[in-house]
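K.L.:
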Amino acid sequence: MPKANIFSISTAFQNLSNRTFHYLSITHSIYVATATKLRSYSNYTQLGYLNTRATTMSTPNRWLVAYNSISASLWAIVLANVLFLAPLLGQPYVFDKTQLFLTVVQCGAVVEIVNAVTGVVRLPVGTTVAQVFLRLLIVLGIFQLLPDSPANTHWAYISLCLAWSFTEVVRYSYYAANLADAGGVPYWLTWLRYSAFYVLYPIGVASEMSIIWMSLGEAELVVGKFYSWVLFAILFTYPPGLYSLYTYMMRQRRKVLGGKTVKKE
Numbered sequence: 055m056p057k058a059n060i061f062s063i064s065t066a067f068q069n070l071s072n073r074t075f076h077y078l079s080i081t082h083s084i085y086v087a088t089a090t091k092l093r094s095y096s097n098y099t100q101l102g103y104l105n106t107r108a109t110t111m112s113t114p115n116r117w118l119v120a121y122n123s124i125s126a127s128l129w130a131i132v133l134a135n136v137l138f139l140a141p142l143l144g145q146p147y148v149f150d151k152t153q154l155f156l157t158v159v160q161c162g163a164v165v166e167i168v169n170a171v172t173g174v175v176r177l178p179v180g181t182t183v184a185q186v187f188l189r190l191l192i193v194l195g196i197f198q199l200l201p202d203s204p205a206n207t208h209w210a211y212i213s214l215c216l217a218w219s220f221t222e223v224v225r226y227s228y229y230a231a232n233l234a235d236a237g238g239v240p241y242w243l244t245w246l247r248y249s250a251f252y253v254l255y256p257i258g259v260a261s262e263m264s265i266i267w268m269s270l271g272e273a274e275l276v277v278g279k280f281y282s283w284v285l286f287a288i289l290f291t292y293p294p295g296l297y298s299l300y301t302y303m304m305r306q307r308r309k310v311l312g313g314k315t316v317k318k319e
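With this note's numbering applied, the sequence shown covers 55 to 319.
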């Protein structure tokens with residue numbers, strides 16, 4: 055590969071890293087400010103955050119409502135961009151116009167790992183890390199590291215963006231509404247949270263696997279055979295991962311919606 059192309063890829067990746075670091079620095083500043091306010095509280099975790107089981111709207115709850123609301127808004131922008139650009143311009147313009155913003159927004163999900171590790175939210179750390187890692191692999195390890203991969207301008211990129219963004223808009227909106235008022239979450243939002251996965255999860259996984267598969271050749275050319283083999287090996291983790299997540303959501307759906315009368319709004 056020409057040195058000029060390698061230099062341009064390195065420069066683009068560095069610029070992306072700087073922007074992502076700036077975004078995460080802002081998030082970290084919010085964390086620090088929140089932790090400072092919590093020093094007078096008891097029963098806080100090692101970073102000073104109360105467990106979200108508090109019955110009142112505590113400072114950590116307010117932080118989580120804000121974080122989930124902002125995340126839902128950012129993913130709504132991703133969704134709107136793809137819905138507008140896909141029929142109007144198609145590929146490769148959709149990728150060119152949306153990939154950087156998508157990458158920055160997805161990098162913000164690192165906060166979820168911090169939340170899980172510190173106990174701010176009760177989420178399985180291993181599952182959270184695995185999900186965030188796989189998505190970061192896509193946006194950083196393919197979209198940014200391999201900008202000339204044929205997968206980037208394939209329709210799979212559009213289906214990936216639609217599945218990811220719709221899932222996250224619903225998920226973050228549900229979390230924010232539930233934290234703000236556990237009994238006041240609209241029925242339609244609860245139903246979407248525990249029903250949309252039937253369609254969105256298979257679409258998302260199929261899109262991710264297609265993108266990784268189509269990027270194997272470019273990965274070997276740009277990075278090396280080892281990276282190509284790593285990506286190939288990761289493909290085998292998707293079927294069991296999808297089964298585990300799918301069955302978990304089915305159990306959650308039965309728990310939340312099955313046999314219960316939920317007030318419609």
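No residue lacks a Cβ here, since even glycine has one placed at the ideal position from N, Cα and C. Treat the numbers as computed from the prediction; the structure is a model and nothing was measured.
Three or more C-beta pairs under 8 Å: does that hold for the region 186-198 against the region 151-160?
P.N.:
Using a C-beta cut-off of 8 Å, the region 186-198 makes contact with the region 151-160, since at least three inter-stretch Cβ pairs fall below that distance.
K.L.:
Using a Cβ distance threshold of 8 Å, determine whether the region 239-256 contacts the region 296-312, with at least three qualifying pairs required.
P.N.:
yes
K.L.:
Looking at the secondary structure, which residues open and close the alpha helix (DSSP H) in which A301 lies?
P.N.:
What sits at residue 301 in the sequence shown is Thr, not Ala. Y292 to V310 is the span of the alpha helix (DSSP H), which, as asked, contains T301.
K.L.:
Return the CA-CA distance between L118 and L275, expressed in angstroms with no decimal places.
P.N.:
43 Å
K.L.:
Going along the chain, which residues of its own chain have a beta-carbon closer than 6 Å to the beta-carbon of V259, five neighbours each way excluded?
P.N.:
Y292 and L296
K.L.:
Are the Cβ atoms of Y228 and V239 separated by less than 8 Å?
P.N.:
yes
K.L.:
Reducing DSSP to helix, strand and coil, say where Y248 ends up.
P.N.:
It is coil, neither helix nor strand.
K.L.:
From what residue to what residue does the alpha helix (DSSP H) around I192 run?
P.N.:
V179 to I192
K.L.:
Taking only the alpha-carbon atoms, compute the straight-line gap between P368 and A170 and give it to the nearest angstrom.
P.N.:
Within the shown structure, residues of the chain are numbered from 55 to 319, placing residue 368 beyond reach of any answer.
K.L.:
In or out: R52 buried (at least 16 other Cβ within 10 Å) or exposed?
P.N.:
Nothing in the structure corresponds to residue 52, since the chain is present only between 55 and 319.
K.L.:
Please report the straight-line C-alpha distance between F220 and V158, rounded to a whole angstrom.
P.N.:
17 Å
K.L.:
Specify the secondary structure class of S269 as computed by DSSP and reduced to three states.
P.N.:
coil
K.L.:
For R308, count neighbouring C-beta atoms within 10 Å of its own C-beta (all shown protein chains included) and say buried if the count is 16 or more, exposed if not.
P.N.:
exposed
K.L.:
Buried or exposed: F197, going by 16 or more other Cβ atoms within 10 Å of its Cβ?
P.N.:
buried
K.L.:
Let me make sure I understand the geometry here. Which of I266, N135 and T301 has the alpha-carbon closest to that of I288?
P.N.:
Of the listed residues, the one whose Cα sits closest to I288 is I266.
K.L.:
With DSSP run on the structure shown, which of helix, strand or coil describes A140?
P.N.:
helix
K.L.:
In its own chain, which residues sit with a C-beta less than 7 Å from the C-beta of Y121, not counting the 5 before and 5 after it?
P.N.:
V165
K.L.:
Could you work out which residue in A210, E222 and V174 is closest to Q160 when comparing CA atoms only?
P.N.:
E222
K.L.:
Can you tell me where the alpha helix (DSSP H) with T221 in it begins and where it stops?
P.N.:
W209 to A234
K.L.:
Going by Cα to Cα distance, which pick from A140, T207 and I167 is closest to A184?
P.N.:
I167
K.L.:
When you compare only the Cα positions, how much space is there between L233 and N115?
P.N.:
7 Å
K.L.:
Let's test the definition: count the other Cβ atoms within 10 Å of the Cβ of W129 and tell me whether it reaches 16, buried, or not, exposed.
P.N.:
With at least 16 other beta carbons inside 10 angstroms of its own, W129 counts as buried.
K.L.:
Identify which residue in T182, L199 and V132 has its Cα closest to the Cα of E272.
P.N.:
L199
K.L.:
Classify T301: buried if its beta carbon has 16 or more other beta carbons within 10 angstroms, exposed otherwise.
P.N.:
Exposed.
K.L.:
Is the distance from the Cβ of S269 to the Cβ of S213 below 8 Å?
P.N.:
Contact annotation: S269 and S213 have beta-carbon atoms that are not nearer than 8 Å.
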